[in-house]
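The sequence shown runs 319 to 538 under the numbering used here.
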Amino acid sequence: MPLFIGAFALLPSIKHNKMDINFWNTRYKEAEYAYGTEPNDFLKSKIHVFKPDSKILCLAEGEGRNAVFLASQGHRITAVDYSQEGLNKLQKLALNKKLSIETLCVDLTHYKIEEHAWDGIICIFGHFPESLRKAVFGQVYKGLNKGGVFLMEAYHKDQLKYKTGGPQVVELLYSKEELQEDFSAFTAITIETCDKDIEEGKYHKGTSAVIQVVAKKSSN
Ligand SMILES: C[S@@+](CC[C@H](N)C(=O)[O-])C[C@H]1O[C@@H](n2cnc3c(N)ncnc32)[C@H](O)[C@@H]1O
């Protein structure tokens, strides 16, 4: 069964991790920005959670619409993704807006989040298999400085019924229970699920089931 809708359907071998990088590089080689150049609306609506001049890590940041938005708000940004094609477009977008962003082209499987180093960490539509999800999200709490904030939006398992974007296999979609466990170290955390209309480029379009997390590490 193919993992993703649209162009993904032509690539059954995407089931293998090695092909995932090729998939994303192929998608990002298109001239158009796959998810547009505007920031994710949940991130935009919560921008106040980050204190001024925050040092923010963007996980699975792709073509950089969110990283560029955060940099435009005066934050210091490092963006990680394993697609060099995506990061090339991120740098193009940043250059157009005269912004400077550090990029790291690395598979999150091999990336260690520096501990006590970040005022903010975000992950927008980063969908990982269970072992990687646990490994990556399990490092978030320690990665944050005191008072630091983690924010994410991703597709919920209910997204399977909509087919309006994202992975089309339940293993790559998230539930509230899974994320509650991943982020159990946080005492101040909200995890919400909702259905909403998404218009992000041509690959995220229409009514969608999402899960949203905002978690703050204690300042003491
Ligand atoms: C749906 S895109 C989201 C991109 C971006 N966060 C946004 O909202 O525009 C998912 C991203 O996850 C990245 N990704 C998936 N698995 C990864 C991994 N193991 N290591 C690094 N990046 C990964 C892909 O390259 C892709 O850019």
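By construction, the Cβ of each residue, glycine as well, lies at the ideal position given by its N, Cα and C atoms.
These numbers were taken from a predicted model, which means no experiment stands behind them.
Ligand 1 heavy atom lying under 8 Å from the CB of residue i
i      : result
Ala412 : no
Asn358 : yes
Ala378 : yes
Asn384 : yes
Ala352 : yes
Phe455 : no
Ser401 : yes
Thr427 : yes
Trp436 : no
Cys512 : no
Glu381 : yes
Gly524 : no
Glu489 : no
Glu518 : yes
Tyr346 : yes
Close Cβ partners of residue i (< 6 Å) along its chain, the five nearest in sequence each way excluded
i      : result
Gly380 : Asp399 and Gly404
Glu518 : Tyr353 and Gly354
Residues bridged to residue i (per DSSP)
i      : result
Gly524 : Ile516
Ala506 : Lys534
Arg394 : Lys373
Val467 : Gly438 and Lys534
Asp399 : Cys423
Thr355 : DSSP lists no partner for Thr355.
His540 : Because the chain here runs from 319 to 538, residue 540 falls outside it and cannot be looked at.
Thr511 : Ile529
Local Cβ density within 10 Å of residue i, reported as buried at 16 or more and exposed below that
i      : result
Leu408 : buried
Cys441 : buried
Gln530 : buried
Leu388 : buried
Asp371 : exposed
Gly294 : In the structure displayed, the chain extends from 319 to 538; residue 294 sits before or after that span and is not available.
Own chain partners of residue i with C-beta closer than 8 Å, once the 5 adjacent residues on each side are dropped
i      : result
Val532 : Lys364, Val367, Val467, Phe468, Leu469, Ile507 and Thr508
Ser589 : Lying before the first or after the last residue shown, residue 589 is absent from the chain, which here runs from 319 to 538.
Thr505 : Ser536
Ser418 : Ala389 and Ala412
Asn384 : Pro357, Asn358, Leu361, Cys376, Ile440 and Ile442
Residues near residue i by beta carbon distance below 7 Å, same chain, minus five either side
i      : result
Thr421 : Ala397, Leu405, Leu408 and Gln409
Gly444 : Leu377, Ala378 and Ala472
Lys415 : Val386 and Ser390
inquiry  = Contact between the stretch 404-418 and the stretch 433-443 is defined here as three or more beta-carbon pairs at a separation below 8 Å; is this criterion met?
reply    = no
message = If contact is defined by three or more beta carbon pairs under 8 Å, each pair taking one atom from either stretch, is the stretch 386-393 in contact with the stretch 473-483?
response = no
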